[in-house]
Amino acid sequence: MKKEMKKNLCWLLCLLLAAVGALAGANAIRHANGSVEITSGVIEANTNEKTIGSIYYELYVPAGASETNKAPGVLLLHGYQNDHETNAAYAIELARRGVVVMSIDEYGHGWTEPGLKERGYVNHSVKVNFGEESVEAGTFKKAGGPVRYRIMMNFSNLSFFNDYYSKDEAGGAITDSSCGGIAAYAVLATLPMVDDTKLGVSGHSMGTWSSWSVAAAYAGSGIEPKAVVLQCGELFRESVYSESQSLFSAPIHFNNVLLLQAKWDEFSYFRDYKKIVDDNVLHSELRAEFLGTDAEKTAWNTTFGSFADGSARRMELLYTNHRLTTHNEKGLATALDWFATALGYENKIPVTDQVAMGKEWLVLLAMLLTIGAILPLAALLLETPFFGKIRQPLPSKAGIKSGKAWWKGAVITMLIAGFTYPFMTQLGHGLLPLPEGIFRMTVGNGFIGWYSLLILIMLGTTVFGWKKAKTKEGFEAFYGIGLGTADRKEKMGWGLLGRCAVLVLCLVGMVYLMTVLARALFGLDLRFIWPFFKTFNWTRLGQFCVYFPFFALFFILNNSKIMASQRTEAAYLPGAKGFFNSWWRSALQMVGGVLIIVLIEYIPFFLNIGPGADVLFGSTFGGPFMSLLILFVPQVLVFSVICTYCYRKTGSVYTGALTVAALAAWIVTGGSSML
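Going left to right, the sequence shown walks through residues 125 to 799 as my numbering numbers them.
Okay, structure coming up:
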């Protein structure tokens, strides 16, 4: 074996073994070093006496909990685009303290079978908190468009609300705003090791509406939740539901509700449709009604009411954003105290003694090590006779960019990407006329909307640039833009593309095998707070096949523009210096536009003006795709490393582009929201 191949094989094995070690450490944390047993299963979901599929759950059972020594129980409900593992911090810390925890994948998420459509939808929406709307003021209005748009417009409309809100004249209805939580709670309450007089529920974002729905459904049942913890929740007036809307026709009463309020929440729902969270929110009539006090007496971080009769209320202000609330140390400590007091058990471990983030960092490390292993595996395979034919020299230096020419192209690329992002992602997310039986991934549709426009722009500029370049000396046609071969420069390299696709199948296949191994050995995905890489079921694999072509075309054209057409002298420099000088240029162009939007979104927010998208464009363009930015930027930076490495190694853009396209499509389709 050649020396170079041995070195790459050594790197590959070291990275993968280190990833397995990190996963083992993360697994020890989630099991509290053996004192918590974690199992999984499914619950059959029914609606209108019809079985609609299974709900996936994971169950955390602390040592000592048994039929003769019953423990408190808590149901955890995740947010939009998340899955059960997003609740890991709460599950780990509650289970360490003796609580049985059930964490589910809600409708349309993770491995749960029923789609988000089973939540139901109606043809109207409310643009303020429920109970404060007005037809005359235009805050209660009709909502048309695709099904996915109406579902999202109805997220804060709950199935226990009055018919005026939860039904429409066309026969539509909000059927189960708990997204499977009601069915899961029934199972949790009947587990032999659970004390059904000490039950609670907690949810984040979309899961807060699910939590309200579970608590309402079981009001007066004898097993109603004694504590409700809302991680970024929306409030509503009591007038929007009837006294007897529970499953048991009992008056609805919500016991001991804690609201964790993110100071910089990107979603207008969760800051009462105001631009910022300030004293105007704190002292509003809505917040006063929630706390059960006068508006001038409302206060953050103060408990009102009594735990004894279930009237305890508290709003904890957290200096964090929407997505990070799930793992905020202060918020988690407050929730642990709240559950202990409301359910009547003792926290034998101090609430500030938290280990859950250790699990998150170790799983992140495992994910990065696994993705990093793509590089030595690619180098190893490129030394073989079959894949060695992919390697070719870079085009001549005749077409390189330098100085002002490069910066002009880079700035134009960033501006186009950045300023189309808020509009096209939201258009695709809600209103782009896609066949919804085929294109079922809601956030995936947002990216299709954005990518489709950028594809058209790149095709247009490529044709224009092609005509212009043909008149110049040294024009190398398809080869010059990374799409052809050195021996047939004027032809599209279809054979090269096919061989690169096989190589990419091997590279991404290695990542998938590691994901399977992580799940089989440790019950973990490759992720960090947010779902990234999960094993597929057949439905989601089908969705991957639907979305991958769009991602592949986008990244091929994007890499052609950034890596090949915009290549500089640095592309020809050898070693680490050459790589770094090439990488920062490609990274800047790939992520720079989104970074501009990050600054536009968050600088005004931190200055207490409001999130930039809401201030400049309206709340329609805030929310999910703005909050995704903190995940999207580091993700694309990792992608830029892969793309730069592969272009320098092979002389074409196909390997890097197809690899990151597959990873991106996998992230979008592996576990996130599906209709």
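Where a beta carbon is used, it is the ideal one built from N, C-alpha and C, also for glycine. Note that the structure is predicted; figures quoted are calculated from it, not measured.
Item to check | DSSP state of residue 831 mapped onto helix, strand, coil | outcome: Residue 831 is absent from the structure shown; the chain starts at 125 and stops at 799.
Next on the checklist: Please report the distance separating the alpha-carbon of residue 393 from that of residue 332.
Outcome noted: 11 Å
Item to check | Stretch pair the stretch 572-580 + the stretch 542-556: three plus CB contacts closer than 8 Å | outcome: yes
Checklist entry - Would you call residue 597 buried or exposed, if buried means 16 or more other Cβ atoms sit within 10 Å of its Cβ? => result The predicted position of residue 597 is uncertain, since its pLDDT is 49 and thus under 50; no value can be drawn from it.
Item to check | For residue 712 and residue 432, believed in contact at Cβ under 8 Å, the rounded distance | outcome: Actually they are not in contact, since the Cβ atoms of residue 432 and residue 712 sit about 59 Å apart, beyond 8 Å.
Next on the checklist: Quick check on the DSSP output: the beta strand (DSSP E) that includes residue 654 runs from which residue to which?
Outcome noted: 654-657 is the extent of the beta strand (DSSP E) around residue 654.
Item to check | Opposing strand residues paired with residue 168 [DSSP bridges] | outcome: Paired residues: 178.
Checklist entry - Which class does residue 196 belong to by DSSP, given the choice of helix, strand or coil? => result strand
Checklist entry - Between the Cα of residue 417 and the Cα atoms of 213, 525 and 429, which residue gives the shortest distance? => result 429
Item to check | Nearest to residue 213 (by Cα), restricted to the options 256, 176 and 153 | outcome: 153
Item to check | residue 209 in three-state terms, based on DSSP | outcome: Residue state, collapsed to three classes: helix.
Item to check | Length-filtered (3 minimum) beta strand (DSSP E) runs lying within the stretch 362-421 | outcome: 381-388
Checklist entry - For residue 790, which three-state DSSP category applies? => result helix
Checklist entry - Comparing alpha-carbon positions, which option in 362, 343, 527 and 218 lies nearest residue 472? => result 218
Checklist entry - Between the C-alpha atoms of residue 511 and residue 578, what's the straight-line distance to the nearest angstrom? => result 31 Å
Checklist entry - Using the beta-carbon count (16 or more within 10 Å), is residue 363 buried or exposed? => result Label assigned to residue 363: exposed.
Checklist entry - Contact check, residue 689 vs residue 767 under 8 Å by CB: the rounded distance? => result At roughly 14 Å, the Cβ-Cβ gap does not stay under 8 Å, so residue 689 and residue 767 are not in contact.
Checklist entry - Looking at C-alpha atoms only, which residue of 501, 291 and 796 is the closest neighbour of residue 633? => result The shortest Cα separation from residue 633 among 501, 291 and 796 belongs to 501.
Item to check | Segment contact, 8 Å Cβ cut-off, at least three pairs: the stretch 450-462 with the stretch 341-357 | outcome: yes
Next on the checklist: Which residue wins for smallest C-alpha separation from residue 483, given the options 586, 650, 530 and 782?
Outcome noted: 650
Checklist entry - Where does residue 553 sit, in a helix, a strand or coil, going by DSSP? => result helix
Next on the checklist: Assuming contact is defined by CB atoms lying nearer than 9 Å, are residue 261 and residue 277 in contact in what I supplied?
Outcome noted: no
Checklist entry - Which one or two residues does DSSP pair with residue 266 in a beta bridge? => result When DSSP reads this structure, residue 266 sits in a beta bridge with 248.
Item to check | Close Cβ partners of residue 347 (< 7 Å) along its chain, the five nearest in sequence each way excluded | outcome: 313, 320 and 323
Next on the checklist: Threshold first: 4 residues or longer. Then list the alpha helix (DSSP H) segments lying entirely within the stretch 449-495, N to C.
Outcome noted: 453-467
Checklist entry - Hey, which unbroken runs of the alpha helix (DSSP H) at 4 residues or more fall wholly within the stretch 721-752? => result 736-741 and 748-751
Checklist entry - If we call anything under 9 Å between Cβ atoms a contact, is residue 707 one with residue 765? => result In contact: residue 707 and residue 765 (Cβ atoms closer than 9 Å).
Item to check | Closest residue to residue 444 among 413, 407, 387 and 427 (Cα-Cα distance) | outcome: 387
Item to check | N-terminal and C-terminal residue of the alpha helix (DSSP H) that residue 151 is part of | outcome: 127-154
Next on the checklist: Taking its Cβ as the centre, do 16 or more other Cβ atoms sit within 10 Å of residue 79, making it buried, or is it exposed?
Outcome noted: The question about residue 79 has no answer here: the residues shown for the chain are numbered 125 through 799.
Item to check | Simplified DSSP state of residue 533, which is helix, strand or coil | outcome: For residue 533, the three-state secondary structure derived from DSSP is helix.
Checklist entry - Which residues in the same chain as residue 604 place their Cβ atom closer than 6 Å to its Cβ, once the five residues preceding and following it in sequence are excluded? => result Annotation for residue 604: 519 and 523 place their beta carbon closer than 6 Å to its own, counting only its chain and skipping 5 residues before and after.
Item to check | Contact belief for residue 282 with residue 306 at Cβ below 8 Å, rounded distance in angstroms | outcome: Actually they do not touch by this definition, with Cβ atoms about 12 Å apart.
Next on the checklist: So, at 6 Å on beta carbons, what are the nonlocal neighbours of residue 781 in its own chain, with the 5 sequence-adjacent residues on each side left out?
Outcome noted: 679, 680 and 683
Checklist entry - How should residue 784 be labelled, buried or exposed, when 16 other C-beta atoms within 10 angstroms of its C-beta is the threshold for buried? => result buried
Next on the checklist: If you reduce the DSSP assignment to three classes, tell me which class residue 204 lands in.
Outcome noted: coil
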